[in-house]
Amino acid sequence: MPRLNLALATLAAGIALATPAFAYRPFDGTDGDVAGVGEFELEMGPAQFLSTPAGRYIVAPATVLNLGVARGLELVVDFKDFLGVEPVAGQPRMRLLDTDVFLKSVLRRGTLQGETGVSIALEAGPLLPEIGGNKNFGAQANLITSYRWDALSLHLNTSAALTRDQQLDGFVSLILEGPHDWAIRPVGEVYTEHEFGNDTRYSALAGAIWQVRDGLALDAAIRYGVQPGSNAVEVRFGLTWGVALWHHEETQR
C-alpha cells in the first residue's frame with residue numbers, strides 16, 4: 041500500500057514509537073481487501089518529525105510494500121527509518137524499526153470484491169528483529185471485517201500480538217470512509233491498543249483520501265492519541281501508488 045511526503049508530527053512525552061503494523065493509508069488499521077494478482081503497491085509516508093522522552097527523530101519514510109501473489113493473497117512488508125536528530129545514549133543515530141513480513145488472505149469475498157455481504161480477511165506474520173532496536177522476534181495476527189455501502193465503508197480490525205518484548209498486545213480499530221466513488225472522500229478512524237503490563241492507548245484520526253486516478257491516491261489526516269500522562273498530535277500526508285508487474289487472467293468455471 042509510493043508515498044512521498046512531508047509531514048509534521050508533534051508528540052507530547054510518553055507515546056511509544058511503535059504503531060500497529062497494519063497498513064491502509066492514512067490509517068493504523070487496514071481493510072478487508074488485497075492487491076490483485078501481479079499488482080504491486082508502494083506506500084511511503086510520511087516523512088515526519090517525532091519527539092519523545094527517548095529523543096527526537098526524523099522518520100523518513102514509513103514504508104509498506106504489497107504484492108498480490110495469488111487470488112485473494114497478498115505479501116506485505118513493513119519498515120520505518122528513524123534518524124536521530126541528536127545523539128541518544130545507548131542508541132545508534134540510524135535505526136530501522138517496526139520491521140515485519142505478513143501474509144494477508146481474503147477469507148470471504150464480499151462488497152469490497154464486488155460481491156455481496158461482508159468482506160473478511162486475515163493478516164498475520166512475524167515481527168522481525170529491528171536494526172538498532174529490539175533484536176527479538178514477535179508475531180501478530182489481525183482479523184479484518186469490512187462492508188461497503190454507497191455512502192459509507194466500514195473496516196473493523198481486531199488484532200492480537202506477541203510483542204518483541206514477549207508481551208501480549210491487543211488492538212481494535214474502526215475505520216470509516218465516505219462514498220467510494222467520490223474523487224475526494226472523508227475518512228476517519230478510532231482505535232484502542234493495550235499491551236499487558238502497560239497503559240492502554242487511545243487514538244482518533246480524521247482526514248481525506250484523494251483518488252487521483254486508478255493506481256494513485258493522495259491522503260492527509262490529523263491523528264490525536266492519548267494515554268495516561270501524555271498526548272500526541274500527528275499530521276500525516278502520504279501517497280499510495282500501484283502498478284501491474286504481470287497480468288493474470290482468472291479461469292471461469
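Numbers given in my numbering equal positions in the sequence shown, counted from 1, plus 40.
Just so it is clear, CB atoms sit at the ideal spot from N, CA and C, and this is done for glycine as well.
A direct Cα-Cα distance of roughly 7 Å separates Leu279 from Gly85. In the three-state scheme derived from DSSP, where H, G and I count as helix and E and B as strand, Thr232 is classed as strand.
Between the C-alpha atoms of Asn176 and Leu183 there is a straight-line separation of about 24 Å. Residue range Leu208 to Glu217 is occupied by the beta strand (DSSP E) that includes Glu217.
In the three-state reduction of the DSSP assignment, Thr280 falls in the strand class, which pools E and B.
At a Cβ-Cβ threshold of 9 Å, Leu147 and Ala164 do not count as neighbours. Here Leu258 is buried. Its C-beta has 16 or more other C-beta atoms within 10 Å.
Across the set Ser199, Ser193 and Asn174, the C-alpha of Ser193 shows the shortest separation from the C-alpha of Leu216.
Taking a C-beta distance under 9 Å as the contact criterion, Tyr231 and Phe211 qualify as a contact pair. When DSSP states are grouped into helix, strand and coil, Thr151 belongs to the helix group.
Annotated three-state conformation of Phe177 is coil, per DSSP. Secondary structure at Thr203: coil, using DSSP grouped into helix, strand and coil. Cβ-Cβ separation between Asn197 and Thr70: approximately 7 Å, consistent with a contact (criterion under 8 Å).
Exclusion of the five residues before and after Gly255 leaves Gly282 as the residues of its chain whose Cβ lies within less than 6 Å of its Cβ.
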